[in-house]
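Engineer: Protein chains in written order, with UniProt numbering: chain A, 1 to 506; chain B, 1 to 506; chain C, 1 to 506. Just so you know, even glycine gets a beta-carbon here, dropped at the ideal spot from N, CA and C. Bear in mind that the values here come from a model prediction, so they are computed numbers and not experimental data. The structure under discussion is supplied below as structure tokens; questions concerning it will follow.
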Amino acid sequence: MATSKCYFSIVLFISLVLSLGLLCSAADDNPRGRSEAERDPWRRYKECQRRCEWDTRGETEQGECEDRCERQFSHEQPRREGENCKREEEEEEEWEGRRQSHNPFYFPRGRHAQARFQEDNGNFWVLQKFAEKHHLLKGINEYRIAHIEANPNTFVLPHHCDAEKIYVVVNGKGTLTFVTHKNKESFNLVPGVVIRVPSGSTVYLVNQDNNEKLTIAVLHRPVNNPGQFEEFFPAGQENPQSYYRTFSREILEAVFNTRSEQLDRLFHGRQRQQGMFRRASQEQIRSLSQGATTPTEKQQSFAFNLLAQKPKYSNQNGKFFEACPREFELLQDIDAAVVGFEINQGSIFAPHYNSKSTFVVIVTQGNGYVEMVSPRRSSESSHEEEEQETRSGEYRKVKARLFPGDIFVVPAGFPVTFVASQNKNLRFLAFGLYHQNNSRIFIAGKTNVVKQMDSAAKELSFGLPSRLVDEIFTNNPRESYFVSGQRQHRESEESRGSILDVARLF
Amino acid sequence: MATSKCYFSIVLFISLVLSLGLLCSAADDNPRGRSEAERDPWRRYKECQRRCEWDTRGETEQGECEDRCERQFSHEQPRREGENCKREEEEEEEWEGRRQSHNPFYFPRGRHAQARFQEDNGNFWVLQKFAEKHHLLKGINEYRIAHIEANPNTFVLPHHCDAEKIYVVVNGKGTLTFVTHKNKESFNLVPGVVIRVPSGSTVYLVNQDNNEKLTIAVLHRPVNNPGQFEEFFPAGQENPQSYYRTFSREILEAVFNTRSEQLDRLFHGRQRQQGMFRRASQEQIRSLSQGATTPTEKQQSFAFNLLAQKPKYSNQNGKFFEACPREFELLQDIDAAVVGFEINQGSIFAPHYNSKSTFVVIVTQGNGYVEMVSPRRSSESSHEEEEQETRSGEYRKVKARLFPGDIFVVPAGFPVTFVASQNKNLRFLAFGLYHQNNSRIFIAGKTNVVKQMDSAAKELSFGLPSRLVDEIFTNNPRESYFVSGQRQHRESEESRGSILDVARLF
Amino acid sequence: MATSKCYFSIVLFISLVLSLGLLCSAADDNPRGRSEAERDPWRRYKECQRRCEWDTRGETEQGECEDRCERQFSHEQPRREGENCKREEEEEEEWEGRRQSHNPFYFPRGRHAQARFQEDNGNFWVLQKFAEKHHLLKGINEYRIAHIEANPNTFVLPHHCDAEKIYVVVNGKGTLTFVTHKNKESFNLVPGVVIRVPSGSTVYLVNQDNNEKLTIAVLHRPVNNPGQFEEFFPAGQENPQSYYRTFSREILEAVFNTRSEQLDRLFHGRQRQQGMFRRASQEQIRSLSQGATTPTEKQQSFAFNLLAQKPKYSNQNGKFFEACPREFELLQDIDAAVVGFEINQGSIFAPHYNSKSTFVVIVTQGNGYVEMVSPRRSSESSHEEEEQETRSGEYRKVKARLFPGDIFVVPAGFPVTFVASQNKNLRFLAFGLYHQNNSRIFIAGKTNVVKQMDSAAKELSFGLPSRLVDEIFTNNPRESYFVSGQRQHRESEESRGSILDVARLF
């Protein structure tokens with residue numbers, strides 16, 4: 001009997017402990033208490049968002065739940081007019097980030113990236129492997145995106161990679177040089193310059209400007225392991241270190257025909273400057289820029305200037321430049337197209353999809369948002385691979401607000417559209433991976449795919465007389481490719497206001 | 001002491017429970033009792049089969065065990081003459097299916113497939129990913145096989161896929177049209193027509209016939225993720241849904257320059273018909289077929305007719321048509337050959353192997369069986385990947401009875417042969433994946449590989465004078481490629497009877 | 001109270017058992033006792049090595065620990081002069097093997113390989129899949145390396161594989177023949193002959209010589225499953241077995257138009273010889289060699305002789321022959337280059353790296369060592385795949401002593417150098433995988449990459465006046481590609497002695 005009492009008290013004690021634990025965790029969900037939440041609709045919206053994260057299973061349900069929170073919030077919007085707009089933007093960015101953390105296609109600036117070199121004079125970071133972000137992106141896992149930024153008057157240490165590379169200058173002015181043991185190539189850099197640096201070439205750069213940073217986006221296609229590449233530095237002390245130092249002393253003495261002491265001074269001596277990014281004197285900068293060629297709109301050896309070409313699409317609402325492997329031979333080994341486009345403020349890059357190529361889009365300037373159609377999946381775990389979960393013919397909207405430095409992936413076949421904000425042009429740089437003979441197929445605007453169909457097909461598809469379908473797809477639209485954000489006729493305050501609301505909602 | 005008694009009784013009780021459990025499961029193995037099994041040799045054969053499944057480990061042993069059951073059964077065959085043949089066939093199909101459930105190369109009709117759209121007017125299903133069926137097939141995981149079947153006078157809703165596609169018409173009469181925003185291509189469909197629909201093209205079909213179904217096999221090579229593709233429908237309500245509906249209202253209003261109410265009628269109005277397959281009127285069908293070109297034996301734009309060509313092999317026992325990427329440019333992007341062949345009743349497609357290409361063979365008509373040589377592996381788990389389990393130079397027979405709709409995979413290098421039944425011709429459609437410069441190498445029949453060897457090589461290999469080897473490989477055979485199921489000389493009742501027995505055994 | 005005593009004693013008992021276990025395992029670490037270790041510095045070194053294996057985590061730390069052991073040992077080296085050098089070499093090889101067991105790039109002779117056929121008259125073994133050895137090698141997992149060795153006057157049974165193959169004759173004299181059902185190709189074999197055997201071709205060989213073994217390295221590129229291939233034998237009894245025996249009797253009778261009894265004699269009769277390697281008579285050998293063509297320095301049909309060409313690099317210290325897919329069409333399907341090079345005794349193949357191609361290097365004769373620069377990783381588990389563990393700009397030395405039969409993998413971009421021993425030339429055969437337009441970029445010797453850089457780049461990189469950098473990279477070196485192991489000037493006993501020490505240390 002003593003034993004049974006013992007057991008009973010142990011069980012009771014354990015259940016007490018569990019209950020306490022549950023109570024505490026429940027309490028944590030509402031740290032500020034009810035009254036404050038009631039007073040602040042913005043916080044109520046955030047609460048609603050947070051509950052969506054926990055209560056729903058999968059991106060599908062969560063997206064619908066968040067849509068409901070959004071609608072609820074928009075009714076209460078008038079109350080927010082008087083609040084501090086700046087704080088609002090910060091909070092918007094904060095929860096936008098959290099909300100988008102599970103968006104497979106969206107890489108907010110600075111997230112999902114690893115800084116390989118972060119120094120006073122510059123930085124070099126690499127975006128996470130695509131397959132590690134989400135299994136839906138494993139088809140482009142062979143490619144890596146990186147970003148170099150050098151301060152004014154800065155030299156970037158020579159290095160080679162085990163990857164094919166395409167450098168695209170986003171901003172700044174400088175010189176890029178690469179060498180093999182046989183030859184040297186040198187190019188002047190201005191925004192829009194595209195340079196192919198072959199795998200194994202030793203490359204170095206210098207920022208000529210006194211004020212501006214030199215910003216370059218680099219597309220890598222590694223040759224050893226899919227999606228994995230390294231930098232090898234011939235010179236350096238620590239971080240980076242010179243690879244010569246790794247060889248045995250005896251070998252270096254023999255191949256350089258030089259005594260140890262001299263080699264020590266070269267490879268082990270204490271240097272005035274450390275790191276991958278080093279200050280250069282004006283004289284050194286001038287000397288590095290001598291003999292560099294200036295890329296033009298046509299390919300000359302390893303470079304061309306994307307923005308010096310005729311744009312592929314252009315009207316008063318935007319411009320679109322594209323360089324494909326078919327016309328630019330230097331893009332063939334890496335099999336990627338380079339695109340630069342700009343959507344004027346308040347305009348839209350019409351809904352379209354790419355026939356073959358997956359585009360990685362990098363925001364370089366301005367802000368706006370993107371909407372994309374993605375097939376709906378039952379579960380959204382980033383490691384989920386079984387296909388039987390796909391529900392055919394059902395789609396969900398993928399959207400994200402875009403800021404400079406954000407990266408967005410548009411898979412082939414997925415309809416997508418980009419919208420610039422009302423007050424700033426929105427500029428992008430994009431790489432079209434596995435480009436081959438990709439075409440961009442527009443589904444709305446004056447040029448669209450439905451126009452081409454037989455009348456009977458339109459009737460059977462939309463269930464309306466083809467005359468009515470034609471009104472919308474053929475007669476009404478006035479512009480192709482880049483479309484004004486307002487309707488051309490019956491411009492009412494409401495329609496202009498609605499784009500604005502949508503922009504602010506995000 | 002009280003406690004030790006307590007423990008002892010607990011232990012005793014647990015072992016009693018376990019024993020009962022074991023007894024029960026053992027009893028389940030023989031649900032019908034002994035007497036009934038004794039009375040029915042067919043059931044005894046099934047019992048024998050079932051025991052083979054449980055008692056043996058691995059496909060190897062199980063195959064041998066089943067062979068023994070078969071031999072045992074064939075001795076008792078005379079007793080079955082009087083029974084209902086129809087029921088026999090049903091049962092044969094039933095246990096055949098179960099027996100073949102672990103055959104890595106065999107996909108029985110309707111199994112291992114997912115119906116993406118199953119409607120009154122038609123259906124569209126996709127075969128499981130090859131790598132999910134078995135790791136031995138992971139080399140062809142980039143490709144997917146699908147099947148469209150539309151009822152008479154039915155229209156298939158426009159859609160585009162993120163995959164390169166080859167359509168091959170198996171049966172029926174209709175029109176296929178695909179559009180981009182720039183152009184439209186339209187082709188008349190009859191059996192044998194092969195059409196390339198480029199990735200991203202929006203395609204729709206119509207079945208012109210009043211009685212026959214339109215049956216098409218589709219080979220996909222997805223561009224986003226290996227082995228994974230989706231359909232995107234511009235028009236539709238629910239299942240499928242239109243992708244336009246996914247975009248925000250404001251965007252649609254702006255790009256279509258149309259008011260919401262009009263857009264609602266187009267995208268959200270209640271349609272008379274739902275689904276991917278819709279009835280079309282005679283007038284609509286006529287209008288959809290206008291302007292369609294009829295494919296010929298040569299490639300014209302995106303299509304040709306496989307059966308309009310000269311056959312590659314042809315004699316009184318069968319015909320074989322093949323279209324390779326080298327001669328037909330439209331097959332180059334997808335890198336697959338299209339083959340159609342027919343084995344006349346009672347004939348054999350001589351043993352051969354493919355040098356480079358893996359063939360996916362689809363039975364379109366008739367029945368028969370296939371025998372293939374596969375290297376023997378120690379264990380047969382479908383997820384087993386280590387190679388050290390392979391026993392070099394040992395083979396096992398892979399065989400399967402073939403019915404219309406069955407799919408069989410023949411890897412490169414694996415010797416294989418197909419046999420038609422005595423009463424029906426056996427017809428196939430096949431895709432040769434990763435075709436490149438594949439050749440088909442025959443190992444038996446008048447044309448065979450051993451004939452080409454040096455005499456000394458034949459002697460050393462077979463351990464017989466080369467004269468004797470030549471008698472079998474060079475002198476005796478009369479036919480190449482398609483061989484009669486009977487021997488040409490000394491046609492005895494026995495030999496004819498033996499093929500018949502083999503056919504019935506399955 | 002009785003119960004609590006009971007519990008306490010159980011707990012005490014368990015802890016006693018555990019303590020005993022720990023004591024025992026600790027004791028095992030030092031089986032020989034202290035005194036013996038003290039007496040023998042060699043054993044002390046081995047002890048030090050063994051502790052490094054257990055105490056450190058990851059190849060990085062272990063490498064540093066072993067370096068410390070090495071330095072400690074070299075101080076005590078004089079004591080070892082009098083010992084048995086032969087035993088020393090055996091022990092060196094033993095611990096070298098153990099030490100290198102986790103080197104991802106090094107395959108010691110006979111390890112990491114599976115013997116598919118091991119017989120009296122010859123053997124055929126295949127190297128492990130690269131991805132199974134280490135995840136760092138998964139980029140070349142499509143390729144497999146194999147090795148055939150046939151005794152004098154031996155015939156190799158005909159077989160075909162589901163893989164593209166390149167045969168390179170390392171040693172011996174013979175004939176290789178391959179057939180399809182349409183044609184036959186036959187080539188004389190001498191060292192340096194390179195032959196492409198297309199996937200699916202049935203190939204057989206004969207060793208013509210009376211004394212020497214015929215040794216051939218074979219590069220495979222499988223067509224069915226990446227890195228996995230099988231052999232199919234038309235003739236054979238058991239191990240290997242003929243694939244004809246796998247087909248049903250009825251099918252064989254019909255396609256060969258031959259009675260069972262005759263077929264039985266051919267496929268099931270007891271043969272005088274068994275196995276893949278069979279003795280051949282002089283007459284059979286002569287007859288097999290008739291009509292064979294002798295490969296020259298240019299490609300003729302499927303073969304050429306690598307060593308009959310002009311070497312790519314050549315001086316008094318070594319020779320280097322290379323055949324690339326660009327010039328030799330037969331290498332294009334398999335996309336690999338074939339290289340043969342020889343480093344004279346006491347010389348060095350100057351440090352260099354490959355721009356695109358991963359080289360698999362096989363030691364055919366002599367001995368020496370290799371040093372390679374590899375990026376440093378935080379953890380070294382062979383299944384580790386996350387890249388965030390890489391520490392950019394840090395390198396570690398990968399080195400291995402090389403003996404005939406050893407295989408070493410040099411990934412693209414990794415600087416590497418090979419050193420021959422003082423008393424023997426060092427010969428290699430190598431395959432450059434995924435060759436495309438690879439170039440070999442030298443980083444030391446008269447030809448080197450730093451020479452090409454701008455003066456300002458040299459100054460900023462090395463932190464020294466470019467005049468001093470030029471002295472080392474431009475003025476001092478006298479030789480390119482193959483460099484003498486001694487410095488050309490001020491040849492002191494010390495420097496010559498130091499290479500010797502390094503060689504012996506290993």
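(1) With a threshold of 8 Å, are at least 3 pairs of Cβ atoms found where one atom belongs to the stretch 318 to 333 of chain B and the other to the stretch 399 to 417 of chain B?
(2) Which residues in the same chain as V469 of chain B place their Cβ atom closer than 6 Å to its Cβ, once the five residues preceding and following it in sequence are excluded?
(3) For S9 of chain A, I'd like the list of residues in its chain whose CB is within less than 6 Å of its CB, leaving aside the five on either flank, ordered along the chain.
(4) How should I14 of chain C be labelled, buried or exposed, when 16 other C-beta atoms within 10 angstroms of its C-beta is the threshold for buried?
(5) How long is the line joining the alpha carbons of N188 of chain B and H147 of chain C, rounded to whole angstroms?
(6) Closer than 7 Å by beta-carbon distance: list the chain A residues that pair up with K184 of chain B, in chain order.
(7) Taking 8 Å as the limit between beta carbons, can you name the residues of its chain near A280 of chain A, skipping five residues before and five after?
(8) With a CB to CB cut of under 6 Å and the five nearest residues on each side skipped, what residues in its chain are close to A444 of chain C?
(9) Please list the residues of the stretch 403 to 435 of chain A that have a C-beta atom closer than 9 Å to any C-beta atom in chain B, keeping them in chain order.
(10) Would you tell me roughly how many angstroms separate the C-alpha atoms of D162 of chain B and A412 of chain A, rounded to the nearest one?
(11) Between Y7 of chain B and chain C, is the shortest Cβ-Cβ distance under 8 Å, so that the two count as touching?
(12) Does any CB atom of chain C fall closer than 8 Å to the CB of L468 of chain A?
(13) Starting from the C-beta of G122 of chain C, find all residues in its chain whose C-beta is less than 6 Å away, skip the five residues before and the five after it, and write them out in chain order.
(14) Listing by chain order, which chain A residues have their CB less than 8 Å from the CB of E459 of chain C?
(15) Can you give, in chain order, each stretch of the beta strand (DSSP E) that sits fully within the stretch 306 to 335 of chain A and has at least 3 residues?
(16) Are I251 of chain A and E371 of chain C close, meaning C-beta to C-beta below 8 Å?
(17) Keeping to the same chain, check which residues put their C-beta closer than 7 Å to that of F448 of chain B; ignore five residues upstream and five downstream.
(18) Would you kindly check if the distance between the Cβ of F359 of chain A and the Cβ of F431 of chain A is under 8 Å?
(19) Any heavy atom of the ligand PLP closer than 7 Å to the CB of V218 of chain B?
(20) If we ignore side chains and look at the alpha-carbon of each, how far apart do S374 of chain A and L219 of chain B end up?
(21) If you count every other CB in all the chains shown that lies within 10 Å of the CB of N224 of chain C, and 16 or more means buried, which is it?
(22) Can you give me the C-alpha to C-alpha distance between N437 of chain C and H134 of chain A, rounded to a whole angstrom?
(23) How many angstroms separate the CA atom of T364 of chain C from the CA atom of P104 of chain B?
(24) Taking all protein chains shown into account, do 16 or more other C-beta atoms lie within 10 angstroms of the C-beta of L127 of chain C, making it buried, or fewer, making it exposed?
(25) On the criterion of 16 or more Cβ atoms from any shown chain inside 10 Å, does E261 of chain A qualify as buried, or is it exposed?
(26) At the 8 Å Cβ level, is S382 of chain C part of the contact set with chain B, yes or no?
(27) Find the nearest neighbour of Q228 of chain C within the set C:E132, C:E283 and C:V361, judged by alpha-carbon distance.
(28) Looking at the secondary structure, which residues open and close the beta strand (DSSP E) in which Q365 of chain C lies?
(29) Is G485 of chain A near I285 of chain A, with beta carbons less than 8 Å apart?
(30) Determine, using beta carbons only, whether G368 of chain B comes closer than 8 Å to chain C.
(31) Starting from I285 of chain C, follow the alpha helix (DSSP H) in both directions and report where the run begins and ends.
(32) Is G485 of chain A close to chain C, meaning its C-beta is less than 8 Å from at least one C-beta of that chain?
(33) Can you tell me where the alpha helix (DSSP H) holding R467 of chain C begins and where it ends?
(34) In chain order, what residues of the UniProt domain "Cupin type-1" (113 to 264) of chain A put their CB closer than 9 Å to some CB of chain B?
(35) Output the boundary residues of the alpha helix (DSSP H) element that contains S439 of chain C.
Structural biologist: With the structure as the only source:
(1) no
(2) The count along the second sequence starts at 1 and reaches residue 469 of chain B at position 469. Excluding positions up to five away in sequence, the list reads K458 and F462.
(3) In the first sequence, residue 9 of chain A corresponds to position 9, counting from 1. There are no such residues.
(4) Translated into the one-based positions of the third sequence, residue 14 of chain C becomes position 14. The residue is exposed, with fewer than 16 neighbouring Cβ atoms inside 10 Å.
(5) On the second sequence, position 188 is the one that residue 188 of chain B refers to. On the third sequence, position 147 is the one that residue 147 of chain C refers to. About 55 Å.
(6) Numbered from its first residue, the second sequence carries residue 184 of chain B at position 184. Going along chain A in sequence order, the residues near K184 of chain B (Cβ under 7 Å) are Q452.
(7) Counting from one through the first sequence, the residue named residue 280 of chain A turns up at place 280. Contacts found: N153, T154, F155, V206 and L288.
(8) Residue numbering aside, residue 444 of chain C sits at position 444 when the third sequence is read from its first letter. Hits under 6 Å: A350 and P351.
(9) Listed by position, the residues of the stretch 403 to 435 of chain A near chain B (Cβ gap below 9 Å) are P411, A412, G413, F414, P415, T417, V419 and Y434.
(10) For the purposes of this step, residue 162 of chain B is identified with residue 162 of the second sequence, where counting begins at 1. For the purposes of this step, residue 412 of chain A is identified with residue 412 of the first sequence, where counting begins at 1. Their backbone Cα atoms lie some 6 Å apart in a straight line.
(11) Counting from one through the second sequence, the residue named residue 7 of chain B turns up at place 7. No, no contact with chain C.
(12) As a working note, residue 468 of chain A is residue 468 in the first sequence. False, the Cβ-Cβ gap to chain C never drops below 8 Å.
(13) Reading the third sequence from its first residue, position 122 is the one you call residue 122 of chain C. Around G122 of chain C: E149, A150, N151, T154 and F277.
(14) Taking the first residue of the third sequence as 1, we reach residue 459 of chain C at position 459. Neighbours of E459 of chain C on chain A, chain order: Q284.
(15) Within the stretch 306 to 335 of chain A, the complete beta strand (DSSP E) runs of at least 3 residues are 313 to 315 and 318 to 323.
(16) Along the first sequence, read from residue 1 onward, the residue named residue 251 of chain A stands at position 251. Along the third sequence, read from residue 1 onward, the residue named residue 371 of chain C stands at position 371. The answer is yes: Cβ separation under 8 Å.
(17) As a working note, residue 448 of chain B is residue 448 in the second sequence. A small correction: the amino acid at residue 448 of chain B is Asn; Phe does not occupy that position in the sequence shown. Taken in chain order, the residues that qualify are F442 and F473.
(18) Reading the first sequence from its first residue, position 431 is the one you call residue 431 of chain A. Reading the first sequence from its first residue, position 359 is the one you call residue 359 of chain A. Against a cut-off of 8 Å, the Cβ pair of F359 of chain A and F431 of chain A comes out as a contact.
(19) This structure simply doesn't include the ligand PLP, nor any ligand for that matter.
(20) Position 374 of the first sequence, counted from the start, is the residue given in the question as residue 374 of chain A. Position 219 of the second sequence, counted from the start, is the residue given in the question as residue 219 of chain B. Approximately 23 Å between the Cα atoms of the pair.
(21) Start at 1 with the first residue of the third sequence, and residue 224 of chain C comes out as number 224. Buried: at least 16 other Cβ atoms inside 10 Å.
(22) As a working note, residue 437 of chain C is residue 437 in the third sequence. As a working note, residue 134 of chain A is residue 134 in the first sequence. So the alpha carbons of these two residues sit roughly 33 Å apart.
(23) Counting from one through the third sequence, the residue named residue 364 of chain C turns up at place 364. Counting from one through the second sequence, the residue named residue 104 of chain B turns up at place 104. Those two C-alpha atoms are separated by around 41 Å.
(24) Stepping through the third sequence from its first residue, residue 127 of chain C is reached at position 127. Looking at its Cβ environment, which holds 16 or more other Cβ atoms inside 10 Å, L127 of chain C is buried.
(25) The sequence position of residue 261 of chain A within the first sequence is 261, counting from 1. Burial call: exposed.
(26) In the third sequence, the residue the question calls residue 382 of chain C occupies position 382. Low confidence applies to S382 of chain C: its pLDDT is 49, below 50, so where it sits in the model is not reliable enough to give any reading.
(27) For the purposes of this step, residue 228 of chain C is taken as the residue at position 228 of the third sequence. The option with the nearest alpha carbon to Q228 of chain C is C:E132.
(28) The residue given as residue 365 of chain C occupies position 365 in the third sequence. Unbroken beta strand (DSSP E) run through Q365 of chain C: T358 to Q365.
(29) Your numbering for residue 485 of chain A matches position 485 in the first sequence. Your numbering for residue 285 of chain A matches position 285 in the first sequence. Against a cut-off of 8 Å, the Cβ pair of I285 of chain A and G485 of chain A comes out as no contact.
(30) What you label residue 368 of chain B is simply residue 368 of the second sequence in a count that begins at 1. Chain C contact via Cβ: absent.
(31) The residue given as residue 285 of chain C occupies position 285 in the third sequence. Looking at the DSSP string, the run of the alpha helix (DSSP H) that includes I285 of chain C is Q282 to S289.
(32) Along the first sequence, read from residue 1 onward, the residue named residue 485 of chain A stands at position 485. Closer than 8 Å: no.
(33) In the third sequence, residue 467 of chain C corresponds to position 467, counting from 1. S466 to D470 is the extent of the alpha helix (DSSP H) around R467 of chain C.
(34) H135, L136, L137, K138, G139 and I140
(35) Counting from one through the third sequence, the residue named residue 439 of chain C turns up at place 439. From DSSP, S439 of chain C is part of no alpha helix (DSSP H); its letter is neither H nor E.
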